[in-house]
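The structure under discussion appears below in the form of C-alpha cells.
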Amino acid sequence: MSEYSQDHDPSTGAEETDAVAVVGLSLRVPGSADPGSFWQSVTEGVVSLRADASDGGLHAGQIDRFDRFDADLFGMLPAQAAATDPQHRVLTEVAWQALEDAGIDPERATGRIGVFVGCGSETYYREHVLKDEKTVRVLGTEQLALGNSRDFLATGLAYRLGLTGPAITVQTACSTSLVAVHQAIRSLLTYECDIAIAGGATVHLDEEQGYVFTEGGITSPDGRCRAFTEGSAGTVPSSGAGVVVLRRVSDLPGTGENARAHLLGSAVNNDGAARMSPTAPSPQGQADVLREALAVAGLEPADVGYVETHGTGTTLGDQVELAALAEVYGRRPADSGLALGAVKPNIGHCDSAAGVIGLIKAVLAVEAGVVPPTPSQPGDGPDVELGSASFELPRVSRPWPADRPRTAGVSSFGLGGTNCHVLLTAAPRPTDSGDSAPSTRREPHLAVLSAATPEALRRKARDLAAWLEGDGADVPVGELTGTLWHHRRALPERWATALPADPAQARERLVAALTVLTGNGGRRALTAPRLAAVLPGQGVPLAGAGAGLAAVDEKFAADLADLAAEVSRAGGPDLADARNWPADDPRLLDTAVVQPLLLILGLAGLRHAERHGLAPALLLGHSVGELTAATHAGVFSVADAVAAVVRRGKLMASAEPGTMTAVRAGEETAVRLAAGLEVDVCVLNGPDNTVCGGPEEALAAFEERCAEAGLRTTCLPVTRAGHSRAMAGAAKEFEAFVATLTLSAPTVPIVSGLTGELLTDAQAVDPAYWGSQLSNPVRFTDAVTTLLEAAPDTVLGLHRSHAATAEVRRAASAARRDLLVVDAADRAGADEAADWYGALAALWTAGHTPTGPARPARVVALPAYPFADQRHWVAAPEPQPLEARHPAEAPVPDLIATADDAVPVTATAGEESGDVSTADAVRALWQDTFGIAELRPEDNFFDLGGTSLHAAHLVSVVNDALLVEIRLQDLYENSSLAGFIARTEELAAERDDVALLRLLEEIESEEGQNSHE
C-alpha cells in the first residue's frame, strides 16, 4: 500500500477534493513517439523540424505511423481502416497508450470513462476517400462518414475502446485539445464520469508534406518557429497527437494509479468582437482567461513558477500573448520570477493537438522538477522584450528552484478567439505506508501477457524481456505481475506462466520464459469458455494433499479445518492434521479414512476454484468423487454428505478384505481372464485400462493369467475391493442410510460413473442409485465420452486427479478435440501452490477470468503495446488532364492493407474486363468489403467482422452489380461465402435477362429523348 506524503503543498488555496490528477499520458509528435523521448528532446533543446530540407522547400512536421494502424487490435476491417481518417486512427492508438500508461483497463475499470477530443480538418475524407469511386461504392457513404466526420471522432473512439461516459468532440481550432481537457475536468468534478481521456490530433497526409509561406500569414518563411525572438515571422505546421487520462484525486487511493500532476483549475472564454478581425487575438480576452483560471485554482500569480505559452512565433500572436501575461503575471515579488516556455520551436504547431502537447510538457516538467528550455536555433535574433522584469525565457534546462512550488500554467489560444488556461502542480510523491506488516506467506507469482495477434504477442515478450534486463531490472516482481494482471487489457492471444516465490528466481525464470516465447507463441483465448471439473476416487496417493495450498491460502486452510470438524461431528476419523501424515501412514490405506479425506479435499478444492472465479459448468467424479460432485451441485447438504461418506467408508471398510489391480486390457478381455474366479470388473478407466477386484488369492490367480497373456498389471494401494460383489451388503445398508437424507436435483450437470451418462434429476434423488453406485462398476470411460459430448472448453482436475485427467486427455486426443486439460495440486511431492498458479496460468490463456495476483501498490510503467506496422491508406487520385478519362477506365486503389514488404495498399489495378462469373463477382465484392485478399468458401460474413451496416450496403452493391434482388435476410440465412454465392447464383438463374435488356433499352431511349429535348 502507499499513501501520499505531505512534504509538498500542491496549492495555496484549492481544496484537494477539487483537484484532478493526470494519471496517464501519451503523445506522438515530430521526432518522438512517446513521452520519455519527447521529454529528453525538450530538455536537450532538440528541434525536430526539417528546416534544412535538401530540396529547399518548406516542410511541415510529420509523425511516425501517420499512415499505419493496428486494425486487428481495434477490431477494424482492413478496408474500413484504410478508409478511416488517419487522425481518428492515430488518436485511437495514442489513447490506448495513455490508458496503458495510467494502468487503466476500460473493461475492468470501475465507473464511467468519458472522452473529450478534437482533430483537424477532414482533408483525407475530401481529397482521398470521397474521390475514390471504388471506396465509396464498396463501403458506402454512411460507413465512410462514421470513420471520417469529426462528428464521430469521440463516439468512434468510445466504441473502439469500450468507454461508456460522455463522448464529446471539441472543436475550437488551435485550442481544441486544451479546451477538451477543461471540459473533461468539469465532467469529472460534476460526476458525469469517473475517468476521462482528453486530447486531440492533427495529421498531415504526406511524408514530405509541404506548406506555402505567404507574406503577412501565420507560417514561417524558413521552416523554423522562433517564438519570442526578434525577427520571428511565423509558425511551422506539424502533425501531432496527445492524450491525457484524468481522475479525481479523491478517487486515487487504492487504485495503484500514479498521479503525475494535479490540475488545480482551468478556464475558457472567447475574445468576442473586441479585436481587429475574427482571426486576430485579443490581449484582454487572454488576460481574462488567465485571471479566471487563477481564481478557480485559488492561486495568486506569484504562486506560479512556469507558464507553457501558446508561443506560435507569429509577430502579432507573440506580442498579444506577452501583453496578457504581463498584465496578469507581471506584478509579482522580485524573488519570484516566472519562466516562460514554448514547445512549438521544438516540434512545430500541431494545431488541434497543440494545447494538450503543451500540457504534457508542463506535466513532465513539474513531475521531474526541471524548468525546460525553449531551444535556440541558427538564425535566431535576440529575445523580444518579454513585458515584465520578472519574466525570463530559459534557453537551457535547469532544476526547478527548491524554494518555489512546482506549479505551472498552460495556455492555448484558438484561431477564432477561444482561449484556455490550465493550472497544475506536482503531485505528492507516494511513500510506503507502514500501516501493514509484510505478509509472512510467500506465494508464487503469476505473469501474464496478451496481444491481438501472435506476432504482437511475440514482440511484446521480446520487449518485456529486454526491459526486465534494462530499465525494469529493479522493479519488484509483485508490482510487475500485478500490473500485467490488473492494469492491462486481456486480449485474445495469451501466454502465462507461474513463477517461484523467490524474487530473484522469479525474474530469472520470467526472462528465460519470455525469450522462449519470442520464437513460439501462446494460446488464443476463447470467449466465455465452459469449464468441467474432475474429482478423483480412492486409490490415489494422498500423503501431503492440501498442505502446500493451505500454507499460502488462509481460506483454503479454513475450509479444510471446517470440513474436518464436520467429519469429526459425524463420527468420522480425525482429519485435522491429515495433510501432515507421511506416505507410509496406515490411515492412508483405510477406506473409512480415505473416503472422508477425499470428500473434504474435493469440496475445499471446488470452493477454492470458485473463489478464484472458476465455476465449473460440468462435474465428473470418480467413485466417491461423484458424491463430492453431487454435494457441490446441491444434491446433498454438506452435513448430509459428510455423514453419508463417513457411513459409506465405514461400510466398505467392514466388508470382506480384498484388493484391486489395474490391467492393460479392455473389459471383454478382463472378463474372459477372470472367468471362474471370484474376481469382478470394478472400474473401466479406459479402452485398455480395467481395474478388477476380489479376494487376495483370487486376484493373485487373475494376475498370473494376465502375465501368461502378456498383460501388465498394477496393484492398487487399497484393502477392500470397491465396486465388486463384496460390496453388495454395504450397498444395501448405504441405500437405507441415504433414504433418511433430503436430496435435491443438481444445480450443476454431473456425469454419472454408474451409467456413463448425465445424471438425471430422478437418479440424483433416488437412494437406490447411490447404493448401486457403491457396488457396481465405475464406467469412467463412458463417462469421459459423455463429458466430451457436453463440449466443455477446458477441464480442471482437482487434488491428485492425474490418473482421471489422463483418460480425458487420451479420449480428447482420440476424438481430435483441442481440449485444454489442467491439473491443480497434481502429484504427491509437488509444490501445490506452484501447481495451482500453473493451472490459473493455463486457464487464463484459454479465456477464463480467474482471480489472479494481488493488486499492486503502484502501477509499473511497462513497455508500450507493439502496434502492427501495417499501412492502411486510400491514395489520392492522380491529377487528371482536362479531357478526363471515362470513370470505368480509371485505376482504382486496392483497399486490402498489406505490410511494407508486400504490395502497398496504394497500388492500383484496372477493372477486370470480359465476362465474370457470378461467383467471382460476389467473391470480389466480399474481398473489397473486408479488405481481405484471400477468402475461403466457409468464411462467415459476421465472423470476418461484418456488421448490419456492412450487410445492408453489401446487399445493395450486389443487387446493383449483378442485377438481382437479394434480400438482407438472404445474407443472414446464407452467411458463409459459399452459401451467399449459391443464393446469388440461384437468384441470377431466375432472372429474365431478355426482359431486363428490353427494360434497359427503354430507359436509355427515354434518357436520350430527354437529353435531346
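For the sequence shown, the numbering used here assigns the number 10 to the initial residue and increments by one for each residue that follows.
The beta carbon of each residue, even a glycine, is placed where N, CA and C say it ideally should be.
Contact check, isoleucine 609 vs leucine 569, beta carbons under 8 Å: Going by C-beta atoms, isoleucine 609 is nearer than 8 Å to leucine 569.
Residues near leucine 768 by beta carbon distance below 6 Å, same chain, minus five either side: Excluding positions up to five away in sequence, the list reads Ile759 and Ser761.
Nearest-angstrom Cα separation, counted from arginine 588 out to valine 787: Cα to Cα, the separation comes out at about 27 Å.
Segment contact, 8 Å Cβ cut-off, at least three pairs: the region 862-873 with the region 813-824: Too few Cβ pairs lie closer than 8 Å, so no.
Residue environment, alanine 438, which counts as buried when at least 16 other CB atoms sit within 10 Å: In the sequence on display, residue 438 carries arginine and not alanine. By the neighbour-count rule (16 or more Cβ atoms within 10 Å), arginine 438 is not buried but exposed.
Length of the line joining the Cα atoms of alanine 163 and alanine 362: So the two alpha carbons sit approximately 14 Å from each other.
Cβ-based neighbour list, leucine 551, same chain, cut-off 7 Å, excluding 5 preceding and 5 following: Within the same chain, and ignoring the five residues on either side of leucine 551 in sequence, the residues whose Cβ sits closer than 7 Å to its Cβ are Leu597, Val603, Leu606 and Arg809.
Bounding residues of the beta strand (DSSP E) (the contiguous stretch that carries glutamate 317): For glutamate 317, the uninterrupted beta strand (DSSP E) segment begins and ends at 315-317.
Span of the beta strand (DSSP E), counted from its first residue to its last, around glycine 671: A small correction: the amino acid at residue 671 is alanine; glycine does not occupy that position in the sequence shown. For alanine 671, the enclosing beta strand (DSSP E) begins and ends at 668-672.
Run of the beta strand (DSSP E) containing glutamate 502, from where it starts to where it stops: Taken as a continuous stretch (DSSP letters only), the beta strand (DSSP E) holding glutamate 502 covers 502-508.
Cysteine 1024 in three-state terms, based on DSSP: An answer regarding residue 1024 cannot be provided, because it is not within the stretch 10 to 1022 covered by the chain.
CB of cysteine 429 within 8 Å of CB of lysine 353, strictly: For cysteine 429 and lysine 353, no; Cβs fall outside 8 Å.
The region 216-223 / the region 133-140 touching (three or more Cβ pairs under 8 Å): With the cut-off at 8 Å, the region 216-223 and the region 133-140 do not touch.
Expected contact under 8 Å - CB spacing of leucine 544 and alanine 638 to nearest Å: Alanine 638 and leucine 544 do touch by the CB rule: their CB atoms are close to 6 Å apart, below 8 Å.
C-alpha gap between alanine 556 and histidine 621, whole angstroms: Near 19 Å, if we compare the C-alpha coordinates of histidine 621 and alanine 556.
Residue environment, glutamate 24, which counts as buried when at least 16 other CB atoms sit within 10 Å: Note that glutamate 24 scores a pLDDT of 48, beneath 50, so its modelled location is shaky and nothing firm can be said.
Nonlocal neighbours in the same chain, by C-beta distance under 6 Å from leucine 891, ignoring five residues either side: For leucine 891, the predicted structure reports a pLDDT of 43, less than 50, and the residue's modelled location is therefore unreliable. The matter cannot be settled from this model.
Other residues of its chain near aspartate 327: CB distance less than 8 Å, five sequence neighbours each side excluded: Exclusion of the five residues before and after aspartate 327 leaves Ala236, Phe237, Ser241, Gly320, Thr321 and Val393 as the residues of its chain whose Cβ lies within less than 8 Å of its Cβ.
Bounding residues of the alpha helix (DSSP H) (the contiguous stretch that carries serine 784): Looking at the DSSP string, the run of the alpha helix (DSSP H) that includes serine 784 is 776-784.
For phenylalanine 565 and histidine 641, believed in contact at Cβ under 8 Å, the rounded distance: The C-beta distance from histidine 641 to phenylalanine 565 rounds to 15 Å, too long to meet the 8 Å contact threshold.
Glycine 123 versus alanine 843 - alpha carbon distance: CA-CA distance, glycine 123 to alanine 843, rounds to 40 Å.
Reference valine 31, options Ala833, Ala541 and Leu433, closest by Cα: For valine 31, the closest C-alpha among the options Ala833, Ala541 and Leu433 is that of Leu433.
Test item: CB-CB of valine 29 and leucine 299 under 8 Å: In this structure, leucine 299 does not lie closer than 8 Å to valine 29 by Cβ.
Residue nearest to aspartate 770 in terms of C-alpha spacing, selected from Ser229, Thr150 and Pro755: Checked all of Ser229, Thr150 and Pro755; the closest Cα to aspartate 770 is Pro755.
Helix, strand or coil at valine 56 according to DSSP, with G and I counted as helix: In the structure shown, valine 56 sits in coil (DSSP, three-state: anything other than H, G, I, E or B).
Asparagine 698, buried or exposed, once every other Cβ within 10 Å from all chains shown has been counted against 16: Answer is buried; the Cβ neighbour count reaches 16.
Outcome for aspartate 562 when other beta-carbon atoms lying within 10 angstroms are tallied against a minimum of 16: Here aspartate 562 is buried: its Cβ has 16 or more other Cβ atoms, across all protein chains shown, within 10 Å.
Sequence-distant residues of the same chain with beta carbon closer than 7 Å to histidine 68, five excluded per side: Answer for histidine 68: Arg59, Ala62, Glu217, Gln218, Gly219 and Gly232, listed in chain order.
Secondary structure of threonine 915, DSSP reduced to three states: The predicted position of threonine 915 is uncertain, since its pLDDT is 36 and thus under 50; a value taken from the coordinates is nonetheless stated next. It is coil, neither helix nor strand.
Through-space distance from glycine 120 to glycine 926, alpha-carbon basis: Residue 926 is actually serine in this sequence, not glycine. Cα to Cα, the separation comes out at about 54 Å.
For glutamine 218, the three-state DSSP class (helix, strand or coil): Judged by DSSP in its simplified three-state form, glutamine 218 adopts coil rather than helix or strand.
Close Cβ partners of proline 801 (< 6 Å) along its chain, the five nearest in sequence each way excluded: The residues Arg539, Ala541 and Leu627, in chain order, have a CB closer than 6 Å to that of proline 801 in the same chain once the five nearest residues on each side in sequence are set aside.
Closest by C-alpha distance to arginine 826, when choosing among Arg880, Asp840, Thr803 and His811: When only C-alpha atoms are compared, the closest one is Thr803.
Option in Trp853, Pro246, Ala815 and Ala777 with minimal Cα separation from alanine 534: The candidate whose alpha carbon is nearest that of alanine 534 is Trp853.
CB of proline 384 within 8 Å of CB of valine 38, strictly: Not a contact, by the Cβ cut-off of 8 Å.
Three-way DSSP call (helix, strand, coil) for cysteine 701 in this model: In the three-state DSSP reduction, cysteine 701 falls in the strand class (E or B).
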